[in-house]
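Colleague: One structure is given below, represented as structure tokens, and several questions about it will come after.
Below is the structure:
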């Protein structure tokens, strides 16, 4: 059997598995919140694989072995460690609690909460272009490898890859991407270590590498003797890795935000990023570095600057040294890496297009159910646009080059917005406008070969300075939001409050707080609104002294308690209602608690009967879990188990 036939067999099987996964999960989709956010139902194990699948990308398969060829083992591990631990794990530790608690489904949505509608719109548009570039680059890069190996025309390989992604994504959105990421990550966890074992079997172990390495030190120097610089603004270096692959690529990226927002709880979000980073380092990136070492040790005259082959081709070149069956499987492993990241980028672009443009601008009052079909249509339209751009000369290359410019500056706004309450909306606007503009112009000049700043610093470093400096300077001379004033105190009893006009919506929020809801996420989900609406309400109630934030920065900025003044504004409860409020229970919550002790099918049936959207259910369950009445189990769908405390409460109100 020829190599083309064998690979075609593997490819068809791979495509069928992914498509069926998307088709299977379609039954989990009731509205747009399920489609683009998986109903905030993703478990720890599944999100570990989902986040790791993003890091298991076509870019990683190129860069990790490539850096090992050029800078030795620790040169490669510097890049992969900075991305996976400094980027992913630190994102979980620093940002996950904050993101999950604030309730914003997308990064641009939070930017309006913290800054202004203009900042949200600008970042939304550039995020869509940036994520489209990432998707196109991943697909086209791998399609070229597939076309070269299987002898297919490039357009056929590109089209087939896009068709697979759009087909499984169309069925069930983020649920499909999550399921297929799980499958593809398992494939990667088999394929990459298997690749190394095959190399050891063919060439030998550490003795071969030590004896055959042409450079001075296999650990700290490449095959030609080059060492990875540390403190320089020119790429590659440890410093630029930190700026580009930790801060810019991860912290300012909407699909990582989406992965946090889709989790069941803050702890799930946090630990999934930490575990994903560790898995990537030890099971994916260490083997990829070893593949690069074997490539250079076995072929010391092949790679530039000695030979002509680029170091990023190490994986593909070494793959060809095996038999047809193994080589085809390893190529499918590489294809899985690209498709997993491309699909995640695509759903990231779709989510922000739906949430931050279509719903925000055109259909602000649309329900989650009404947004389901537009979400699917937008997913197909963005996929079709990206497919067309893939054939435009320089299209995906230009898009990917600009992606860094468009995804980088938001990372600065996220960090400053979380830790510095004095940071202003005007500072954010001018910082991101100047930062993005500077990077876009410098990137364009370099692509057109007019001027290159790379001899001085990487364009991303220039973008960091161009964003940070004006953002800070403008903030120092402009007025912050009320909580950024030095005279403002979180405790209403210790600081001045204003006279504010209370709305009907404010009463709904206060009612939720009276019954024990405490996070912005629960409030936003329960009332089925955009975060700008719930945030404006919370700010109004805070200024009036009706609520109290638990902190003025960090995750607890979005943890809220009702004050005595707020309670006084609400209708008086009966004795039974007051007792239930003390226990954090409404009649509906008690019904959810009772049904949770029965069959797992009872709760979805209740949601259907009561007309409860998925995020309303998520809000109720999150509240009851935090109260200690329920625990969440289940790897895929959420399974609810009543605790001893929950049974005590049920007996109390029997």
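Numbering (my numbering), first residue to last: 227 to 880.
All residues carry an ideal CB built from backbone N, CA and C; glycine is no exception.
With distances taken from CA atoms, which of 375, 859, 441, 838 is nearest residue 751?
Modeller: Among 375, 859, 441, 838, the Cα nearest to that of residue 751 belongs to 838.
Colleague: Does the segment 865 to 873 come within contact of the segment 842 to 857, defined as at least 3 CB pairs closer than 8 Å?
Modeller: These segments touch.
Colleague: Going by other Cβ atoms of all chains shown within 10 Å of its Cβ, with 16 needed for buried, is residue 363 buried or exposed?
Modeller: When all chains shown are included, residue 363 counts as buried.
Colleague: Please report the distance separating the alpha-carbon of residue 342 from that of residue 451.
Modeller: So the two alpha carbons sit approximately 51 Å from each other.
Colleague: Compare the beta carbon distance of residue 788 and residue 773 with 7 Å and say whether it is the shorter of the two.
Modeller: A contact, by the Cβ cut-off of 7 Å.
Colleague: Who are the near neighbours of residue 864 in its chain, counting only those whose CB is closer than 6 Å to its CB and skipping five residues on each side?
Modeller: Only 267, 858 meet the Cβ criterion.
Colleague: Determine the direct distance from the alpha carbon of residue 850 to that of residue 883, and round the result to whole angstroms.
Modeller: Not covered by the structure: residue 883. The range shown for the chain is 227 to 880.
Colleague: In terms of DSSP beta bridges, what is residue 788 paired with?
Modeller: Bridge partners of residue 788: 773.
Colleague: By a C-beta neighbour count over all protein chains shown, 10 Å radius and 16 as the cutoff for buried, is residue 602 buried or exposed?
Modeller: Residue 602 should be labelled buried.
Colleague: Within a Cβ cutoff of 7 Å, which residues of the same chain sit near residue 467, ignoring the five residues on either side of it in sequence?
Modeller: So the list reads 304, 305, 308, once near-sequence residues are dropped.
Colleague: So what's residue 500 in DSSP terms, helix, strand or just coil?
Modeller: Residue 500: helix per DSSP, three-state reduction.
Colleague: Around the Cβ of residue 724, are there at least 16 other Cβ atoms within 10 angstroms (buried) or fewer (exposed)?
Modeller: Per the 10 Å Cβ criterion, exposed.
Colleague: Excluding sequence positions up to five away, which residues of its chain have a Cβ less than 7 Å from the Cβ of residue 500?
Modeller: Once the five neighbours on either side are set aside, the close Cβ partners of residue 500 are 315, 318, 319.
Colleague: Across which residues does DSSP place residue 858 in a beta bridge pair?
Modeller: Bridge partners of residue 858: 866.
Colleague: Going residue by residue through the segment 326 to 385, where are the continuous alpha helix (DSSP H) segments of at least 4 residues, counting only ones entirely within it?
Modeller: The qualifying runs are 333 to 340, 343 to 376.
Colleague: Would you give the residue range spanned by the alpha helix (DSSP H) that residue 591 belongs to?
Modeller: No alpha helix (DSSP H) contains residue 591, which DSSP labels as neither H nor E.
Colleague: Classify residue 616 as helix, strand or coil using the three-state DSSP reduction.
Modeller: Three-state result, residue 616: coil.
Colleague: Among 523, 552, 607, 705, which residue has its Cα nearest to the Cα of residue 540?
Modeller: Residue 540 has its Cα closest to that of 523, out of 523, 552, 607, 705.
Colleague: Given a cut-off of 7 Å, decide if residue 469 and residue 690 are closer than it, judged by their beta-carbon atoms.
Modeller: Their beta carbons are under 7 Å apart, which means residue 690 touches residue 469 by this criterion.
Colleague: Quick one, are the C-beta atoms of residue 536 and residue 357 less than 7 Å apart?
Modeller: Not closer than 7 Å, so no.
Colleague: Go through its chain and collect everything with a Cβ distance to residue 721's Cβ below 8 Å, but skip five positions before and after it.
Modeller: Contacts found: 713, 714, 715.
Colleague: Hey, could you find the ends of the alpha helix (DSSP H) residue 303 is sitting in?
Modeller: Where residue 303 is concerned, the enclosing alpha helix (DSSP H) stretches over 284 to 307.
Colleague: Work out the CA separation of residue 634 and residue 611 for me, nearest whole Å.
Modeller: Cα to Cα, the separation comes out at about 23 Å.
Colleague: Below 8 Å, how does it come out for the segment 801 to 809 and the segment 760 to 775: are there three or more Cβ pairs, yes or no?
Modeller: Output reads no: the segment 760 to 775 does not touch the segment 801 to 809.
Colleague: Report buried or exposed for residue 591, applying the criterion of at least 16 other Cβ atoms within 10 angstroms of its Cβ.
Modeller: That one is exposed.
Colleague: List the whole-angstrom C-beta distance separating residue 740 from residue 786, where the pair is believed to meet the contact cut-off of C-beta under 8 Å.
Modeller: Not really, about 12 Å apart at Cβ, beyond 8 Å.
Colleague: Run through DSSP, which three-state label would residue 463 get?
Modeller: Three-state result, residue 463: coil.
Colleague: Below 8 Å, how does it come out for the segment 644 to 655 and the segment 694 to 703: are there three or more Cβ pairs, yes or no?
Modeller: Contact holds: three or more Cβ-Cβ distances are below 8 Å.
Colleague: Compare the beta carbon distance of residue 518 and residue 294 with 7 Å and say whether it is the shorter of the two.
Modeller: Yes, the Cβ-Cβ distance between residue 518 and residue 294 is below 7 Å.
Colleague: Would you say residue 373 faces chain D, with C-beta separation under 7 Å as the test?
Modeller: Absence of chain D from the displayed structure is noted, only one protein chain being present.
Colleague: Could you pull out every residue in the same chain whose Cβ sits closer than 8 Å to the Cβ of residue 777, ignoring the five residues on either side in sequence?
Modeller: Excluding residues within five positions, the ones whose Cβ falls inside 8 Å are 716, 783, 785.
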